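Peer 1: My structure is below; once you've seen it, I'll send some questions.
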Amino acid sequence: MNQTPDILCIGSVLWDVIGRTASHMRTGSDVPGRITRLPGGVAMNIAMTLKRFGLQPALLTVIGRDTEGDELIAESQNMGLNCDFLYRSDDLPTDVYMAIEAANGLIAAIADAHSLEAAGDKILRAMSDGRLGTAEAPYAGLIALDGNLTDDLLRIIAASPLFAAADLRVAPASPGKAERLLALLGHPSATLYVNLEEAGLLCQTHFDDSASACTALLERGAHRVLVTDGGRAASEGTAGDVITAHPPAVLVTRVTGAGDTFMAAHIASERQGLDRPAALARALDAAATYVSGETPL
Numbered sequence: 001m002n003q004t005p006d007i008l009c010i011g012s013v014l015w016d017v018i019g020r021t022a023s024h025m026r027t028g029s030d031v032p033g034r035i036t037r038l039p040g041g042v043a044m045n046i047a048m049t050l051k052r053f054g055l056q057p058a059l060l061t062v063i064g065r066d067t068e069g070d071e072l073i074a075e076s077q078n079m080g081l082n083c084d085f086l087y088r089s090d091d092l093p094t095d096v097y098m099a100i101e102a103a104n105g106l107i108a109a110i111a112d113a114h115s116l117e118a119a120g121d122k123i124l125r126a127m128s129d130g131r132l133g134t135a136e137a138p139y140a141g142l143i144a145l146d147g148n149l150t151d152d153l154l155r156i157i158a159a160s161p162l163f164a165a166a167d168l169r170v171a172p173a174s175p176g177k178a179e180r181l182l183a184l185l186g187h188p189s190a191t192l193y194v195n196l197e198e199a200g201l202l203c204q205t206h207f208d209d210s211a212s213a214c215t216a217l218l219e220r221g222a223h224r225v226l227v228t229d230g231g232r233a234a235s236e237g238t239a240g241d242v243i244t245a246h247p248p249a250v251l252v253t254r255v256t257g258a259g260d261t262f263m264a265a266h267i268a269s270e271r272q273g274l275d276r277p278a279a280l281a282r283a284l285d286a287a288a289t290y291v292s293g294e295t296p297l
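Residue 191 in UniProt numbering is what sits at position 191 of the sequence shown, and the numbering runs on without skipping anything.
Encoded structure:
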């Protein structure tokens with residue numbers, strides 16, 4: 001693929017194995033449902049949504065030289081995603097994520113992302129070898145960064161000249177890894193996308209609403225931040241200026257990937273020239289449509 005990417009999506013690209021049921025579940029439940037295998041991972045979910053909004057994303061990740069990896073790359077290319085810059089590993093398997101979702105939400109999930117962790121900064125080679133930039137002439141476009149990368153790699157990125165000129169958008173980390181984003185909290189061009197729980201973990205406190213969480217993160221040194229709170233009001237803030245909007249009410253049928261959809265829709269909206277309130281509203285609409293099951297997986 002020779003088309004110049006509009007944005008780099010750096011991080012997890014793997015197979016999502018998702019079991020969904022319309023029943024409520026608890027520990028030990030055994031219920032009927034559907035099991036699907038689809039391309040997933042934070043970087044992949046963002047890239048797929050960006051593509052639907054008309055952007056040309058490129059993936060920077062690690063994919064194993066195994067059958068699962070070949071199939072994942074083929075599926076990505078069929079969707080029009082740029083795979084020219086990803087790292088293929090001879091000794092690391094393709095990663096996989098497994099989750100169970102029920103009528104009462106996400107029941108459990110396991111992320112087998114050991115290959116991404118083991119690959120480390122090898123996934124960034126295209127940013128330093130001249131294909132996408134060098135330390136002396138760094139990439140100057142949009143980057144969507146997976147907040148679930150390792151502490152070491154996030155610290156490298158925070159201080160790296162390879163990211164000095166980029167418009168860096170940091171994807172939601174899982175709550176168990178939210179504190180990894182502290183390495184990027186003071187980055188001068190980073191926009192953090194977090195939910196209310198993750199914001200509380202970063203600030204070591206509890207927030208009742210997204211606006212107060214947004215304000216606190218800005219006071220802690222964040223350049224720009226967006227805080228979501230499920231079906232309640234979300235907020236976006238920069239330079240001490242916080243705006244708030246409410247998502248539309250919908251029937252929730254799925255949750256995995258909702259935060260990634262919100263982030264991608266917000267990036268695409270700003271790329272297309274929408275102002276801050278309009279971009280926030282459009283992102284909330286896109287996320288609500290996604291969780292309602294009205295858009296393709």
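All C-beta atoms, glycine included, are put in the ideal place defined by N, C-alpha and C.
Please read all numbers here as calculations on a predicted model, not as lab measurements.
Rounded to the nearest angstrom, what separates E198 and G130 at their Cα positions?
Peer 2: Between E198 and G130, the C-alpha separation is close to 36 Å.
Peer 1: Go to S210, then tell me how far its alpha helix (DSSP H) extends in each direction, as first and last residue.
Peer 2: It spans S210 to E219 - the alpha helix (DSSP H) in which S210 sits, taken as one unbroken run.
Peer 1: For L72, which residues in the same chain have their Cβ closer than 8 Å to its Cβ, ignoring the five residues on either side in sequence?
Peer 2: These residues qualify, in order along the chain: V13, L14, W15, P39, I63 and T94.
Peer 1: Would F85 and L116 qualify as a contact pair, given that the criterion is a beta-carbon distance under 9 Å?
Peer 2: No, Cβ-Cβ distance for F85 and L116 is not below 9 Å.
Peer 1: Given a cut-off of 9 Å on the beta-carbon distance, is the pair L218 and V242 in contact?
Peer 2: Cβ distance < 9 Å, so L218 and V242 count as in contact.
Peer 1: To the nearest angstrom, report how far apart A281 and P247 are at their CA atoms.
Peer 2: Each residue's alpha carbon lies about 7 Å from the other.
Peer 1: Start and end of the alpha helix (DSSP H) containing V291?
Peer 2: Counting along the chain, the alpha helix (DSSP H) containing V291 begins and ends at R276 to V291.
Peer 1: So what does DSSP say about R227, is it helix, strand or coil?
Peer 2: According to the sequence provided, residue 227 is Val. The question's Arg does not apply to it. The answer is strand: DSSP assigns V227 an E or B state.
Peer 1: Assign N45 to one of three DSSP states: helix, strand, or coil.
Peer 2: Helix.
Peer 1: Take S128 and list the residues in its own chain whose beta-carbon comes closer than 7 Å to its own, dropping the five residues that flank it on each side.
Peer 2: Closer than 7 Å at the Cβ level, and outside the excluded window around S128, lie T134, A135 and L162.
Peer 1: From P277 to R169, what does the alpha carbon distance come to, in whole angstroms?
Peer 2: The alpha-carbon atoms of P277 and R169 are separated by roughly 18 Å.
Peer 1: Taking C-beta to C-beta, are L149 and R125 nearer than 9 Å?
Peer 2: Contact: no.
Peer 1: Measuring straight from C-alpha to C-alpha, what distance separates E216 and P172?
Peer 2: Looking at the sequence provided, one finds Ala at residue 216 rather than Glu. The straight-line gap from Cα to Cα measures roughly 17 Å.
Peer 1: I need the boundaries of the alpha helix (DSSP H) containing I157, first residue and last residue.
Peer 2: Note, I157: alpha helix (DSSP H), D151 to A159.
Peer 1: For the 8 Å Cβ check, are there 3 or more pairs between the stretch 224 to 243 and the stretch 20 to 39?
Peer 2: Segments in contact, no.
Peer 1: If you draw a straight line from the alpha carbon of L297 to that of T228, how long is it in whole angstroms?
Peer 2: Caution applies to L297, whose pLDDT of 44 falls short of 50 and renders its modelled position unreliable; the value that the coordinates give is listed next. Going from the Cα of L297 to the Cα of T228 covers about 21 Å.
Peer 1: Count the CB pairs spanning the stretch 259 to 267 and the stretch 45 to 61 that are closer than 8 Å, and state whether there are at least three.
Peer 2: Yes, since at least three Cβ pairs between the stretch 259 to 267 and the stretch 45 to 61 fall closer than 8 Å, the two stretches touch.
Peer 1: Return the bridge partner residues of V17 from the DSSP annotation.
Peer 2: The partner list for V17 (beta bridge, DSSP) reads R37 and M98.
Peer 1: Give me the Cα-Cα distance between R26 and G105, rounded to the nearest whole angstrom.
Peer 2: Distance between the alpha carbons of R26 and G105 is about 11 Å.
Peer 1: Just curious, the beta strand (DSSP E) that D167 is in, first and last residue?
Peer 2: Looking at the DSSP string, the run of the beta strand (DSSP E) that includes D167 is D167 to V170.
Peer 1: In this structure, what does DSSP give as the bridge partners for A108?
Peer 2: DSSP, once it has assigned bridges, lists I100 as partnering A108.
Peer 1: Compute the Euclidean distance between the alpha carbons of P5 and G231, then round it to the nearest angstrom.
Peer 2: When rounded, the distance between both Cα atoms is 33 Å.
Peer 1: Round the Cβ separation of T61 and A43 to the nearest angstrom and send it over; I've been treating them as touching at under 8 Å.
Peer 2: Right, the Cβ-Cβ distance comes to about 6 Å (below 8 Å), so this counts as a contact.
Peer 1: Under three-state DSSP, which class holds T253?
Peer 2: Of the three classes helix, strand and coil, the one that applies to T253 here is coil, per DSSP.
Peer 1: At what residues does the alpha helix (DSSP H) containing G237 begin and finish?
Peer 2: Element bounds for G237: not the alpha helix (DSSP H) but the beta strand (DSSP E), R232 to T238.
Peer 1: From L92 to A113, what does the alpha carbon distance come to, in whole angstroms?
Peer 2: Cα-Cα distance, rounded: 10 Å.
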